[in-house]
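Residues -35 to -1, 1 to 817 (mature numbering (1 follows the signal peptide of the UniProt record, and there is no 0)) make up the sequence shown, in order. Where is the CB? At the ideal position from N, CA and C, for every residue including glycine. Predicted, not measured: the structure shown is a model, and the values here were computed from it.
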Amino acid sequence: MPRPRPRSTRLSALAAFSAALTAAPMLVSAAPAQAVTGAPASDNAYAFTARLDIGDGQRACSGTLVYAQWLLTAASCFVDNPAAGLNVPAGAPALPTTATIGRTDLTTTTGQVRNVVQLVPHPDQDLVLAKLATPVTGITPVALSATAPAAGEELRVAGYGRTKDEWAPLRLHTGAFTVDSVSATEVGITGKDGAAVCKGDTGGPAFREADGTVQLVGINSRSWQGGCFGTDETETRTGAIGTRIDKVRTWINANVGPACASTGALYSVTTAGSLLRRNVGDPANGTVTVPESITIDSGWDQYPRVLAGPFASFYGIKADGLYFSHRVASTGAWDIHHRKISTGFTTYRLPENRNEISIDRGGHIWHVDGGGDLRWVQYTSATNSWNPAGNKKIDSGWGRYSHIVATDDGVLYGIDSATGHLLRSRYDFESERWLQRHVTVSWADWRDSKNITSFGGDVIVRVKANGDVRHYRYHEPTGDFDGVYNLLIGSGSHWAGYTSVSGAPDSCALRADYTPESPAIDADRTGPASVLQTSTGEIEYAYTDSEGRIVHGRQTDPADFSSVQWTTGPDTETFSGRTQLAEQPDGAVALTAQNVNSQTWWRRHSAGSSAWGNWINLAGAMKEPPVTGKRPDGVLVQFAVDADGKPWYRAQQRPNVDFMGWIRLDGEGFAGPLTAVTVRDGIQLFGTDTAGQLRTATFKDGVVGSWTNLGDQKITHAPSVVVYPGFRLGVFARTTGGQIVNLVQASEGAAFPATWTQVGDLTAAGAPSAVINPVSGFTEVVARAADGTIHNTRETQQGAFGTWQAWQQAGTERSATDPAAFTYTTDAGSAWAYVFRTDANQARIQQGPSGS
């Protein structure tokens, strides 16, 4: 069957493919249904499907209940002419809109009717979230699919649109469809047994049914409408396009707001040791005051600091350590009471440190240590054990905050002690990325806060020094407090007198999962090896072989290439792209590589040893393989590019230790791995964008400077960069036409020339590699030719980067990878060489010529 044209913009092809699948004025007909769109649904089936009346009968659509107070439907339902664009203003709908949910038979009174009070349009897709005036009860929202539809998969589509012979049917209809195409954002389906998506079905659900569960896979957008009432009889195509749900789950969950219990437990400790609980209603539901307290325990004056955790757990800090308690909610009994779980954390009992610790919804205990570094730990009471992944330094620079508070899993706020401003950060445990970091969300002065706590879900409860209790709720998608800001819910001197005030952090939960998808990784086996001569004199090699295994070589005698001992990793460890070797100041050698699941793996061995430690997953979910840079102080820094072309870095907190979380760098549009070289006061980065433009910027003190475009030709592959004496840089790269070109600074920090200089006439198959010949001082360049053989050239005069000797073929073996040139030192002096992997999957090391 011919397929509808794909969209080249947000709305391309809508006019040709069915400019409006919304039904014309709703004329309710009692005619019997013999529907091409499929069979009538049985009573109460697919009750999550909604019928939308827009503009008191001007048009109709279908919709899907995804949360108790939210429908998901098509943006095209709310514009007069979808072919002209899907510009739906956020806020109240322009036309009065009524939703009927769960009424399979429209002639009955089953189900529920709600007004739509707010629209939240998707920025790019034919989607809109419609908020209902009040939540729907007794109808289960449909689950959102987390997996992509697959070609050949059968889906069911539901809607209240036209049938074969009805303009406005009185029953919900469904039909079976087969998935025949899947794009980045949409799913193409074709009806089975004559089923079609008709006008009025727009916004309705396409879902899979498996093992008794229903998952929303797509939202109807447009179709050919073959066989639908009012369609030209010559149109027989039954194909349709829907918007994929697995790609917009995060957007949906972020915009519908947190899921909250009817009340949140707020705990406080009196000076006499009573542990009090107040069940605080959600101010958004009309509650504006904190109720009277009830006493649930005594003897808590032994702890200068008490924090509530999830699942009715409590942590008390005193001079000899950290204690854990758990209360059984159903009975009020304590099954764990004052269990000592750590001798640490004692500093957080002190007045100056008591607000530098907080517990999130997942039970992570976040705390700022004495050096201003942020850490987390997590305790499991069932096993009386600590999460081994914890107690690492996740970030530095948190000593700036007088208070921190965790408001959801990995979501942290801090009060800047210098300005009083409130700043927000969000950490994703799976990718180990800082998705947001030190972003100011309130410019008011918060320094008069005695206690700051949370119920979870980005809710903040603040007890001020004067005894006022204030309520706040931040809305991440809009970047504001969503109308709930500085709301007074309690007051009195007793609040200021409590030794601790802490909310149950699992009373609310953000629905949005911001963990980035792991991008598909190209199985690149052509990247050059990484070579390192260590401080002991040994030379180490690492590369990815044709099967994706890491091959490591250790050359104990730098003067004898035959002394290399090669080891190949197991088949169960599969990698892609270039590996990276680096030496720490303590002599340990670190190896970094990208696993084919897009995660960065890292391991070390001590100086002079051949025994590697276990792989450590540095996560990241990066599209391009990481590159390891070294700061002048010896700290190693990983740089990588994500699926959106944005650069990130992850640094050791200090030399020789583990890495902190991934942090986003300025810049975007990169299309390949970066190159990093150490310069006098930082790390110089180079990267090529999607248009082939090479850019460079300096990374220093955790910040990257402005990216500067280099040269006048399009570049492919990562460039090779030579650091000349005095930190003058030379860049050697391959153009998209295969020519090797270079740019060299006149002096340290000087601007690069505007025009690339061609290095000979070789047409290269991959990236070049350049080094300074330690004997002659000339620059040597090696590259892989189109036939796979390795070729070499050098300057005709030292420092004359504009003229080069003719390229010379070095042997007849064909290389499957780009060569990697390196210099090394032996007892007899220094030399240079290069290494490559043959197409027979064997490593070859070739000493370079020493002459001028």
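Helix, strand or coil, according to DSSP, for residue i in the structure here?
i	result
Asn674	strand
His303	strand
Gln647	The sequence shown places Gly at residue 647, rather than the Gln named in the question. Note: Gly647 maps to strand in three-state DSSP.
Pro170	strand
Ala392	Correcting the residue identity first, residue 392 is Tyr in this sequence and not Ala. In the structure shown, Tyr392 sits in a strand (DSSP, three-state: E or B).
Phe13	coil
Gln267	helix
Trp721	coil
Val221	helix
Ser110	coil
Arg68	coil
Ala86	Looking at the sequence provided, one finds Pro at residue 86 rather than Ala. Pro86: strand per DSSP, three-state reduction.
Pro248	helix
Phe43	helix
Thr777	coil
Tyr125	coil
Trp35	strand
Arg79	strand
Trp566	strand
Ala716	coil
Below 7 Å CB to CB, which residues in the same chain sit around residue i once its five sequence neighbours on both sides are set aside?
i	result
Pro106	Phe13, Leu30, Val31, Tyr32, Ala33
Ala219	Glu441, Pro442, Ala477
Lys665	Asp646, Gly647
Pro86	Ala40, Val53, Ala55, Val93
Gln678	Thr700, Val706, Trp721
His302	Ser290
Can you list, in chain order, the residues of its chain with a C-beta nearer than 8 Å to that of residue i? Leave out the 5 residues immediately preceding and following it.
i	result
residue 844	Past the boundaries of the shown model lies residue 844; the chain is included only from -35 to 817, so the question cannot be answered.
Asp536	Glu512, Arg514
Ile581	Trp566, Trp567, Arg568, Asp623
Taking the beta carbon of residue i as the centre, do at least 16 other beta carbons fall within 10 Å, making it buried, or is it exposed?
i	result
Asp804	exposed
Arg645	exposed
Ala656	exposed
Pro(-11)	Annotation note: pLDDT 35 at Pro(-11) (below 50); position unreliable, no value reported.
Val53	buried
Glu174	exposed
Thr509	buried
Phe172	buried
Glu257	exposed
Glu505	buried
Ala798	buried
Ala792	The residue asked about is misnamed: residue 792 is Asp in this sequence, not Ala. It counts as exposed.
Gly379	buried
Taking 6 Å as the limit between beta carbons, can you name the residues of its chain near residue i, skipping five residues before and five after?
i	result
residue 821	No answer is possible for residue 821: it lies beyond the span of the chain, which begins at -35 and ends at 817.
Ala(-21)	Caution applies to Ala(-21), whose pLDDT of 33 falls short of 50 and renders its modelled position unreliable; the model cannot decide the point.
Ala584	Ser396, Glu397, Gln564
Arg243	Leu231, Val255, Pro256, Ser258
Thr643	Lys595
Ala775	Ile755, Asn757
Gly634	Gly610, Asp654, Thr655
Asp672	At residue 672 the sequence reads Trp, which differs from the Asp that was named. Taken in chain order, the residues that qualify are Gly632, Arg660, Ala662.
Leu109	Leu181, Ile210, Arg214
Trp399	Tyr392, Gly626, Ile628
Gln498	Ile504, Tyr789
Asp489	Ser541, Gly542
- prompt: Would the stretch 304 to 316 and the stretch 357 to 370 be scored as touching if the rule is three or more Cβ pairs under 8 Å?
  reply: Taking 8 Å as the limit for Cβ pairs, the verdict is that the stretch 357 to 370 does not touch the stretch 304 to 316.
- request: Ignoring anything shorter than 3 residues or poking outside the stretch 173 to 210, list the beta strand (DSSP E) runs there in chain order.
  value: Within the stretch 173 to 210, the complete beta strand (DSSP E) runs of at least 3 residues are 178 to 188, 204 to 209.
task: Run through the stretch 490 to 562 for me and flag every whole beta strand (DSSP E) of 3 or more residues, listed as ranges in chain order.
output: Entirely contained in the stretch 490 to 562, the beta strand (DSSP E) runs reaching 3 residues are, in chain order, 495 to 498, 504 to 509, 515 to 520, 529 to 533, 540 to 548, 554 to 560.
- prompt: Does the count of Cβ pairs from the stretch 414 to 428 and the stretch 471 to 479 closer than 8 Å reach three?
  reply: Contact holds: three or more Cβ-Cβ distances are below 8 Å.
Within the stretch 572 to 635, ranges of the alpha helix (DSSP H) (whole runs, at least 4 residues): The qualifying runs do not exist here; there are none.
query: Counting pairs of beta carbons, one from the stretch 372 to 391 and one from the stretch 314 to 327, are three or more of them closer than 8 Å?
result: Segments in contact, yes.
query: Should the stretch 222 to 230 be called in touch with the stretch 452 to 466, which here means at least 3 C-beta pairs below 8 Å?
result: Contact fails: fewer than three Cβ-Cβ distances are below 8 Å.
- prompt: Can you find at least 3 beta carbon pairs, one from the stretch 67 to 79 and one from the stretch 105 to 120, that sit closer than 8 Å?
  reply: At 8 Å Cβ cutoff, the stretches do not touch.
message: My parser needs the alpha helix (DSSP H) runs of 4 or more residues fully inside the stretch 400 to 484; what are they?
response: Taking only runs of at least 4 residues, the alpha helix (DSSP H) segments lying wholly in the stretch 400 to 484 are 458 to 462.
query: Fully enclosed by the stretch 728 to 755, which beta strand (DSSP E) runs are 3 residues long or longer?
result: The stretch 728 to 755 contains these whole beta strand (DSSP E) runs: 734 to 737, 744 to 749.
- prompt: Taking only runs of the beta strand (DSSP E) that begin and end inside the stretch 327 to 400, which ones reach a length of at least 3 residues, in chain order?
  reply: Counting whole runs of 3 or more residues, the stretch 327 to 400 contains the beta strand (DSSP E) stretches 329 to 333, 339 to 345, 357 to 360, 366 to 373, 376 to 381, 387 to 393.
- prompt: Counting Cβ pairs, one atom from each stretch, are 3 or more of them under 8 Å apart for the stretch 232 to 240 and the stretch 123 to 139?
  reply: With the cut-off at 8 Å, the stretch 232 to 240 and the stretch 123 to 139 do not touch.
task: Pair every Cβ in the stretch 675 to 693 with every Cβ in the stretch 731 to 743, then say whether three or more of these pairs are closer than 8 Å.
output: As far as the Cβ criterion goes, the stretch 675 to 693 touches the stretch 731 to 743, which means the pair count is three or higher.
field: Three CB pairs or more closer than 8 Å across the stretch 56 to 67 and the stretch 89 to 104
entry: Output reads yes: the stretch 89 to 104 touches the stretch 56 to 67.
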